[in-house]
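Report on the structure given below.
Chains as they are written, first to last, in the working numbering: chain A, 3 to 270; chain B, 0 to 268.
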């Protein structure tokens, strides 16, 4: 009898959990529909200038057109590739640089002021110089995507390396571990969660770098479409590109989040 | 013959603006197979002595010899147990135990079998593939003990290894550690602030004074107590007598400690 009532309580709990989830989801849908509905309405009633603010139906039309002639796929592909590469290069290079700093305290002391300056520097301001140095092409844009996250990754990961509980190091030192072994067995694995949380930040940063890079130089990509649409006063095109960026940036963020849960589960 | 000798060892902690003397003129020696307890209030530099012997901290003055050889030339194999287990949470129990051999590039089958045997000996068979977070505090500290013993160290440094455990677990673990150390006749130094623990486990107690850390008095534990398990020692009539003597001595030192400035050592207790 008592066993049944325990089960009952549990089922009630599960039921409430599900109900809450449904409630949240339905409001999320309401907000989405209301936003686009109001936008459409405002545009068709000329409350806002449809030439500047476009409208959802216009955006859908532009997207269908650009996807059916294949041109949007090219732009999307280019931007995604640049972003993923910029993200990976920035993150990996940042971790490598943090490792180099960790390997010598003296070196890190020497580098300290330069890192502070490089971190404070708004990286997109380096755009023109990067384009001149790398040539006006993919390489420059990928560099922009990477450079924007590399310094902050270096600093965050390096400080995580330093915050590893010194007692883990003490245990390894009692076994006469070398500095390399201490890094491999304790420092690196202990900071995996910190590195993963930089991944999430870096995804967003790489989008910024790549889009700004495309503003400046490219002939392809979503950033290029935004600038092109702006120049020819086709704001439906600008809005379409913005919506695609929003969707794909969110998707990339979600993927990184999945990787995070997976890695944390498997690295304990 | 003495196995480990400290001669006039001192240690200073330096900071930008000032320095503190953590250890002042520490001299003692330990015979092979002897179990010595360093007993004293927190901040008296007990743990610093262990770190110095372990070669993790360099002392600023004095000499240390292992079998008449200077410490830094002797390549002393040490086993170090800390207040907490500090098992690596991302490694399985067996990988945690085998970290010492891994570092010295010993991946032999014997070592692995030895690890399994030792785990069984401390009552932890069948958990080698588990992870530390699924174990209780007492179990984890037993794993840490096996990790320490697997490299067959010449000397064991026990830095309050029972202080983070509940009383019951602590008493059981004291017996287990004592048994194992006698079985393998290990030379050991136990750092503790628990008078009972020092008497129950060791052959000799070095009572320390704080500010700066120095050895105030040495107590020989009566022979009758040395050969009893820690749990039984606590019930022996002579235990209470020694306890009272140490207690009195500790309190005698107290006023001195209270008068002088509080010195914080970076190593804590």
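Where a beta carbon is used, it is the ideal one built from N, C-alpha and C, also for glycine. The model shown is predicted, which means the values in this text are computed figures rather than measured ones.
Check: Local conformation of residue 72(B) per DSSP, three classes; Outcome: helix
Check: Outcome for residue 97(A) when other beta-carbon atoms lying within 10 angstroms are tallied against a minimum of 16; Outcome: buried
Check: For residue 150(B) and residue 100(B), believed in contact at Cβ under 8 Å, the rounded distance; Outcome: 6 Å
Check: Where the segment 97-115 of chain B meets chain A: residues whose CB sits under 9 Å from a CB there; Outcome: 98, 99, 100, 101, 102, 103
Check: Pairwise C-alpha distance: residue 196(A) and residue 217(B); Outcome: 48 Å
Check: CB contact check: residue 246(B) to chain A, cutoff 8 Å; Outcome: no
Check: Proximal chain A residues relative to residue 177(B), where beta-carbon distance stays under 7 Å; Outcome: The contacting residues do not exist; residue 177(B) stays about 21 Å from chain A at best.
Check: Of the listed residues 57(A), 171(A), 50(A), nearest to residue 39(A) (C-alpha basis); Outcome: 57(A)
Check: Neighbour-count burial assignment, residue 16(B), 16 or more Cβ in a 10 Å radius; Outcome: exposed
Check: Proximity of residue 125(A) and residue 211(A) at Cβ, strictly below 8 Å; Outcome: yes
Check: Simplified DSSP state of residue 7(B), which is helix, strand or coil; Outcome: strand
Check: Neighbour flag for residue 105(A) against chain B, beta carbons, 8 Å; Outcome: no
Check: Euclidean distance between Cα positions of residue 180(A) and residue 38(B); Outcome: 32 Å
Check: CA-to-CA distance, residue 205(B) to residue 73(B), given in whole angstroms; Outcome: 24 Å
Check: Whole-Å CB distance - residue 81(B) paired with residue 48(B), under 8 Å assumed; Outcome: Actually they are not in contact, since the Cβ atoms of residue 81(B) and residue 48(B) sit about 14 Å apart, beyond 8 Å.
Check: Chain-ordered chain B contacts of residue 183(A) [CB-CB under 9 Å]; Outcome: 101, 102
Check: Under 8 Å from the C-beta of residue 12(B): neighbouring residues of chain A; Outcome: Correct list: empty, because the minimum Cβ distance to chain A is about 15 Å.
Check: Backbone secondary structure at residue 24(B) - three-state DSSP; Outcome: strand
Check: Contact set for residue 154(B): own chain, Cβ-Cβ below 6 Å, skip 5 residues either direction; Outcome: 77, 186
Check: Nearest candidate by alpha-carbon position, reference residue 147(A), set 155(A), 121(A), 213(A), 188(A); Outcome: 213(A)
Check: Nearest neighbour of residue 167(A), chosen from 83(B), 6(B), 35(B), 65(B) [CA to CA]; Outcome: 83(B)
Check: Assigned secondary structure, residue 99(A) (DSSP; H/G/I helix, E/B strand, else coil); Outcome: helix
Check: Distance, residue 113(B) Cα to residue 191(B) Cα; Outcome: 29 Å
Check: Collapsed DSSP secondary structure at residue 36(B) in the structure displayed; Outcome: strand
Check: Residues near residue 258(A) by beta carbon distance below 6 Å, same chain, minus five either side; Outcome: 201, 202, 205
Check: Residue 55(B): contacting residues in chain A (beta-carbon distance under 8 Å); Outcome: 172, 175, 176
Check: Beta-bridge partners of residue 62(B), as assigned by DSSP; Outcome: 6(B)
Check: Where residue 70(B) falls, given that 16 or more other Cβ within 10 Å makes a residue buried; Outcome: buried
Check: Within chain B, partners of residue 111(A) - CB distance below 8 Å; Outcome: Result: empty, since nearest Cβ-Cβ is about 14 Å, beyond 8 Å.
Check: Close-in-space but distant-in-sequence residues of the same chain around residue 233(B) (CB under 7 Å, 5 per side omitted); Outcome: 195, 199
Check: Close Cβ partners of residue 15(A) (< 8 Å) along its chain, the five nearest in sequence each way excluded; Outcome: none
Check: Cα-Cα separation between residue 194(A) and residue 115(A), rounded to whole angstroms; Outcome: 26 Å
Check: Boundaries of the beta strand (DSSP E) in which residue 42(B) is found, first to last residue; Outcome: No beta strand (DSSP E) holds residue 42(B); DSSP gives it neither H nor E.
Check: Three CB pairs or more closer than 8 Å across the segment 54-70 of chain B and the segment 219-226 of chain B; Outcome: no
Check: Where residue 129(B) falls: helix, strand or coil (DSSP); Outcome: coil
Check: Member of 96(B), 19(B), 8(B), 181(B) whose CA lies at the smallest distance from the CA of residue 31(B); Outcome: 181(B)
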